[in-house]
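Asks:
Residue numbers (my numbering): 6 to 422.
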């Protein structure tokens, strides 16, 4: 090989080696420089962070100290404000969270004295044909046999009853004021006298709870068939007794009709009368009656009114249950009154009901509902004659205070007006 070539190769290798070594050395030096610069930067950053932290700590300390001073000042000022203001802040917050509860407005029922006056006015305006038809016939001159037959038919249609109708016709025939040339005023007076005699003016129609020496609490059981307005009448009776300043309690022993207890509670709430009821439908009515009588005795109420389920008079087991209700109630309190609620428009069918109830539980009085516009007003006479108990209360209409003590004179005046 040529010497020059060999020398060139050696020189080239040496140059390449020098380049490699130089590059290696330069890279290592650059790396150390970078590391040193990084370390210096980190050290400087730490120092800066420490300074910032110290500065922030001093600022926080100043802020905290200022906040503590402010809080202390606020606490002093707040204490003074609380003492100076009524209600307190907590009371206002509580009031904001809990909305005010609406107060139940307790109604003041109409007094008993004015109720019968309204009945008389309603009867006179109702077009009731009972009294007017009788008067129109009897006011004729020289009554014929056909006229007297019309009188008797009118009485029968008004549900006076066959026996009472025959008695009234006989007495009217023998009254001199109706014979011959009739004076309308005298005819009216004669008819009024005879009707009053049949209705009865010497009967004590007061509720037993109103009589001297009445038991306290005095217990009233309401009975009647479906649809006569028995629960409504119980609610209206509670209003009537409240108007006489009596403390009243209601017992919802009608557990078969789902809405009966709710209906009774609605009536009671309006006049502040508590209601004892079962928490479930279909409960034992006797158990409700027992609980109600115990509660009334405990609270020393004046009157306890027990509403019972409407019964069909041909259901002997249901009628027997009424007897059970009475017996259970009397374990706590004596039962002073059993009021039969009759719909005045049902006529002689109502009489059949009355007899069955009288046998099942015993009846002390009758409440006639829907009497104000009825052509069947004669049921007042027939029911009393059949049962031997007085009509004590009458329903005047649909209003909450449309229940009044029965007044014979007001009734007869109303139907003859």
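Virtual Cβ for every residue (Gly too), placed ideally from N, Cα, C.
Give me the DSSP bridge partner(s) of residue 225.
Replies: Locating residue 225 in the chain shown gives position 220, counting from the first residue. DSSP, once it has assigned bridges, lists 310, 342 as partnering residue 225.
Asks: Which residues in the same chain have their Cβ closer than 6 Å to the Cβ of residue 214, if we skip the five residues on either side of it in sequence?
Replies: As a first step, residue 214 is located in the chain shown; it is residue number 209 there, counting from the start. Contacts found: 223, 308.
Asks: Report the three-state DSSP secondary structure of residue 336 (helix, strand or coil).
Replies: Indexing the chain shown from 1 puts residue 336 at position 331. Note: residue 336 maps to coil in three-state DSSP.
Asks: Going by C-alpha to C-alpha distance, which of 265, 221, 416, 354 sits closest to residue 376?
Replies: By one-based count along the chain shown, residue 376 stands at place 371. The candidate whose alpha carbon is nearest that of residue 376 is 416.
Asks: Hey, quick one: how far does the beta strand (DSSP E) through residue 258 stretch, first residue to last?
Replies: Translated into the one-based positions of the chain shown, residue 258 becomes position 253. 253-258 is the extent of the beta strand (DSSP E) around residue 258.
Asks: Assuming residue 242 and residue 310 make a contact with CB atoms under 8 Å, what is their CB distance in whole Å?
Replies: Sequence index remark: in the chain shown, residue 242 carries index 237 (1-based). Sequence index remark: in the chain shown, residue 310 carries index 305 (1-based). Contact holds; Cβ gap of about 6 Å.
Asks: What's the C-alpha gap between residue 189 and residue 195?
Replies: Looking up residue 189 in the chain shown gives position 184. Looking up residue 195 in the chain shown gives position 190. Distance between the alpha carbons of residue 189 and residue 195 is about 10 Å.
Asks: I'd like to know whether the C-beta of residue 341 is nearer than 8 Å to at least one C-beta of chain B.
Replies: Structure shown: chain B not included; a single protein chain is present.
Asks: Is the beta carbon of residue 412 sitting closer than 8 Å to the one on residue 374?
Replies: Counting from 1 along the chain shown, the entry for residue 412 is found at position 407. Counting from 1 along the chain shown, the entry for residue 374 is found at position 369. It is not a contact, given that the beta carbons lie outside the stated cut-off.
Asks: I'd like to know whether the C-beta atoms of residue 279 and residue 287 end up nearer to each other than 8 Å.
Replies: Translated into the one-based positions of the chain shown, residue 279 becomes position 274. Translated into the one-based positions of the chain shown, residue 287 becomes position 282. Contact flag unset, no.
Asks: For residue 312, count neighbouring Cβ atoms within 10 angstroms of its own Cβ and tell me buried if that reaches 16, exposed if not.
Replies: Within the chain shown, the letter at position 307 stands for residue 312. Burial call: buried.
Asks: Buried or exposed for residue 389, going by 16 or more other Cβ atoms inside 10 Å?
Replies: On the chain shown, position 384 is the one that residue 389 refers to. So residue 389 ends up on the buried side.
Asks: Could you tell me the alpha carbon to alpha carbon distance between residue 8 and residue 24, rounded to whole angstroms?
Replies: Counting from 1 along the chain shown, the entry for residue 8 is found at position 3. Counting from 1 along the chain shown, the entry for residue 24 is found at position 19. In a straight line, the C-alpha of residue 8 is about 24 Å away from that of residue 24.
Asks: In terms of DSSP beta bridges, what is residue 348 paired with?
Replies: Translated into the one-based positions of the chain shown, residue 348 becomes position 343. DSSP output for residue 348 lists 374 as bridge partner(s).
Asks: Identify the continuous alpha helix (DSSP H) that holds residue 274 and give its terminal residues.
Replies: By one-based count along the chain shown, residue 274 stands at place 269. From DSSP, the alpha helix (DSSP H) with residue 274 extends over 265-275.
Asks: When the Cα atoms are used, what is the spatial distance from residue 240 to residue 366?
Replies: Along the chain shown, read from residue 1 onward, the residue named residue 240 stands at position 235. Along the chain shown, read from residue 1 onward, the residue named residue 366 stands at position 361. Their backbone Cα atoms lie some 21 Å apart in a straight line.
Asks: Buried or exposed: where does residue 178 fall if 16 or more other Cβ atoms within 10 Å of its Cβ makes it buried?
Replies: Here residue 178 is taken as the residue at index 173 of the chain shown, counted from 1. Counting Cβ neighbours within 10 Å, residue 178 comes out exposed, since fewer than 16 surround it.
Asks: Give me the DSSP bridge partner(s) of residue 408.
Replies: As a working note, residue 408 is residue 403 in the chain shown. Partner(s): 400.
Asks: Using DSSP bridges, identify the partner residues of residue 281.
Replies: Here the question's residue 281 lines up with position 276 in the chain shown. Beta-bridge pairing links residue 281 to 256.
Asks: Could you check what DSSP says for residue 13 in three-state terms: helix, strand or coil?
Replies: The count along the chain shown starts at 1 and reaches residue 13 at position 8. It is helical.
Asks: Buried or exposed: residue 407, going by 16 or more other Cβ atoms within 10 Å of its Cβ?
Replies: Counting from one through the chain shown, the residue named residue 407 turns up at place 402. Per the 10 Å Cβ criterion, buried.
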